[in-house]
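A.B. asks: My questions will all concern the structure given below.
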Amino acid sequence: MTEIQQTRRKKRIFSGMQPSGEAHLGNYLGALRRWVSMQDEYDCVWCIVDDHAITSGGDPVDMPSSVFDLAVSFLAVGLDPERSIIFVQSDVHEHTELAWLFNAVTPVGDLERMTQYKDKAQHFESIPAGILNYPILQAADILLYKADAVPVGEDQRQHLELTREVARKFNARYGETFPITEPLIGEDVGRILGLDGDTKMSKSLGNTVGILAEPDAVWDRVRTAVTDPQRVRREDPGRPEVCNVFSLHRFFTDENARTDIDAGCRSAELGCVDCKRILSDNIEISFAPYRERAAHYRAHPNEVGYVLDQGAERARTIASETMEEVRHKMGLQWRNALL
Ligand code: TYM
Numbered sequence: 003m004t005e006i007q008q009t010r011r012k013k014r015i016f017s018g019m020q021p022s023g024e025a026h027l028g029n030y031l032g033a034l035r036r037w038v039s040m041q042d043e044y045d046c047v048w049c050i051v052d053d054h055a056i057t058s059g060g061d062p063v064d065m066p067s068s069v070f071d072l073a074v075s076f077l078a079v080g081l082d083p084e085r086s087i088i089f090v091q092s093d094v095h096e097h098t099e100l101a102w103l104f105n106a107v108t109p110v111g112d113l114e115r116m117t118q119y120k121d122k123a124q125h126f127e128s129i130p131a132g133i134l135n136y137p138i139l140q141a142a143d144i145l146l147y148k149a150d151a152v153p154v155g156e157d158q159r160q161h162l163e164l165t166r167e168v169a170r171k172f173n174a175r176y177g178e179t180f181p182i183t184e185p186l187i188g189e190d191v192g193r194i195l196g197l198d199g200d201t202k203m204s205k206s207l208g209n210t211v212g213i214l215a216e217p218d219a220v221w222d223r224v225r226t227a228v229t230d231p232q233r234v235r236r237e238d239p240g241r242p243e244v245c246n247v248f249s250l251h252r253f254f255t256d257e258n259a260r261t262d263i264d265a266g267c268r269s270a271e272l273g274c275v276d277c278k279r280i281l282s283d284n285i286e287i288s289f290a291p292y293r294e295r296a297a298h299y300r301a302h303p304n305e306v307g308y309v310l311d312q313g314a315e316r317a318r319t320i321a322s323e324t325m326e327e328v329r330h331k332m333g334l335q336w337r338n339a340l341l
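Those letters in the sequence shown? Residues 3 to 341, per our numbering, in order.
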């Protein structure tokens, strides 16, 4: 039995993250934290999706360091190359090839309905096709590995629905090939709001806290966080239930301390700056081991390169097997058929 067949006894999961530098709290709480805990139960494939990231129009000069910083974040939080495949999407060309082939079974109407597409499209006078086709590449990522399930945050639900539809359409037209992948949505976390307390935490919105930031940098970010908008003066009582800073305490501060913060905020004994200071300190403490491990990988970039090279090789083995099958089913092997 080959290595691939053996590991196939476990269910396979695939997930991806766009490289926009080091991971932020939203990435960590919505995705990475869960990914780390899934590595024993599942056969895991984790991907840094740089082919997706080019659709955001960033400066190509920044891409290599963004990929590297995200790889460092993956390893620092505990994604483990011994147990998981960790690789960069553009190192495995089968992703873009399968995405092209999926164009044959994906209705444009389905793509135009995606809310992320509608949001992003507003920012362009002339909309790049990559923004529309983005979820086809996401479907290719997942189905290339015939993933049984995909752990993602709530914001990706609609894209996974499209992946399922692509698989159904492909199977109906070319014969049973792909699983109908299940979404594993982290219901307990939902959408982590950015420091503006209003929009999703996202690097492109500049409202993030990096998980590998040095203590001073964490405080510089956290102190800017928006709290209860009705609490204008220090002596005004606050409402923890509407405060984003309080909601972040849920992940970093123990229950007793949270009860005290809640009471102190409501009675105005505790000011917003004090509350943010506690949060910032607790974030620093929680992430201290990650910062240490990240420092090691930054000092040894070749170790990161080795992990990604090995990961790409293992990914390619699976991907090329799927592509053989797909090309055959789609009639794209004229030589085999005729000669
Ligand atoms: P991306 O890079 O935006 O986010 C990666 C993961 O982090 C989660 N996440 C969040 N969760 C809660 N609150 C937030 N503020 C927050 N920000 C990010 C996301 O839900 C996601 O799980 N299209 C995908 C990348 C992708 C992919 C894939 C995912 C490409 N191919 C295949 C799964 C399977 C994206 O842009 O994620």
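Where is the CB? At the ideal position from N, CA and C, for every residue including glycine. Given the structure is predicted, the values throughout are model-derived calculations rather than measurements.
1. Which first and last residues belong to the alpha helix (DSSP H) in which S67 is found?
2. Can you check which of these residues, V51, R293, H97, V107, is closest to A219 by C-alpha distance?
3. When we look at the beta-carbon of A227 and count the other beta-carbons within 10 Å, is it buried (16 or more) or exposed?
4. Is C245 helix, strand or coil by DSSP?
5. Counting Cβ pairs closer than 8 Å, one from the region 133-145 and one from the region 161-172, do we hit at least three?
6. For P239, count neighbouring C-beta atoms within 10 Å of its own C-beta (all shown protein chains included) and say buried if the count is 16 or more, exposed if not.
7. Considering only residues of the same chain and omitting the five flanking positions on each side of C274, which have a CB-CB separation below 6 Å?
8. Quick check on DSSP: helix, strand or coil for S322?
9. To the nearest angstrom, how far is it from the Cα of N209 to the Cα of A339?
10. State buried or exposed for F126, treating a residue as buried only when at least 16 other CB atoms are found within 10 Å of its CB.
11. Is M65 near ligand 1 - that is, is its Cβ less than 7 Å away from at least one heavy atom of it?
12. Please look up how many angstroms separate the CB atoms of D150 and E184, rounded, as I've assumed it's under 8 Å.
13. Does ligand 1 have a heavy atom nearer than 7 Å to the CB of Q41?
14. Just to confirm my understanding: we take M3, look at its own chain, exclude 5 residues before and 5 after, and list those with CB closer than 8 Å. What are they?
15. Report yes if the C-beta of L340 is less than 7 Å from at least one heavy atom of ligand 1; otherwise report no.
16. Could you spell out where the beta strand (DSSP E) holding E184 opens and where it closes?
17. Quick one: is W37 buried, meaning 16 or more other Cβ sit within 10 Å of its Cβ, or exposed?
18. For R268, I'd like the list of residues in its chain whose CB is within less than 8 Å of its CB, leaving aside the five on either flank, ordered along the chain.
19. From F289 to N173, what distance separates their C-alpha atoms?
20. Are the region 191-211 and the region 19-27 in contact at 8 Å, needing three or more beta carbon pairs?
21. Beta carbon of A33: closer than 7 Å to some heavy atom of ligand 1?
22. Does the region 38-49 come close enough to the region 258-266 that 3 or more CB-CB pairs lie under 8 Å?
C.D. replies: In terms of the structure at hand:
1. Here the alpha helix (DSSP H) through S67 covers 65-79.
2. The option with the nearest alpha carbon to A219 is R293.
3. Buried.
4. Three-state result, C245: coil.
5. The answer is yes - the region 161-172 touches the region 133-145, with three or more Cβ pairs under 8 Å.
6. Exposed is the call here.
7. Counting only Cβ-Cβ distances below 6 Å, and skipping sequence neighbours, we find T229.
8. Note: S322 maps to helix in three-state DSSP.
9. So the two alpha carbons sit approximately 55 Å from each other.
10. That one is exposed.
11. The answer is no for M65.
12. Rounded to whole angstroms, the Cβ separation of D150 and E184 is 7 Å, and the two are in contact under 8 Å.
13. For Q41, the distance from the CB to the nearest heavy atom of ligand 1 is not below 7 Å.
14. Annotation note: pLDDT 49 at M3 (below 50); position unreliable, coordinate value reported separately. Annotation for M3: no residue places its beta carbon closer than 8 Å to its own, counting only its chain and skipping 5 residues before and after.
15. At a cut-off of 7 Å, the beta-carbon of L340 does not count as near ligand 1: no heavy atom of the ligand is closer than that.
16. First-last of the beta strand (DSSP E) with E184: 184-187.
17. Burial check for W37: the Cβ neighbour count within 10 Å reaches 16 or more, so the residue is buried.
18. So the qualifying residues of the chain are P239, G240, R241, P242.
19. Each residue's Cα considered, the two are about 44 Å apart.
20. Counting Cβ pairs under 8 Å, three or more are found: they touch.
21. Closer than 7 Å to some heavy atom of ligand 1: that describes the Cβ of A33.
22. Contact between the region 258-266 and the region 38-49 is absent: fewer than 3 CB-CB pairs across the two stretches fall below 8 Å.
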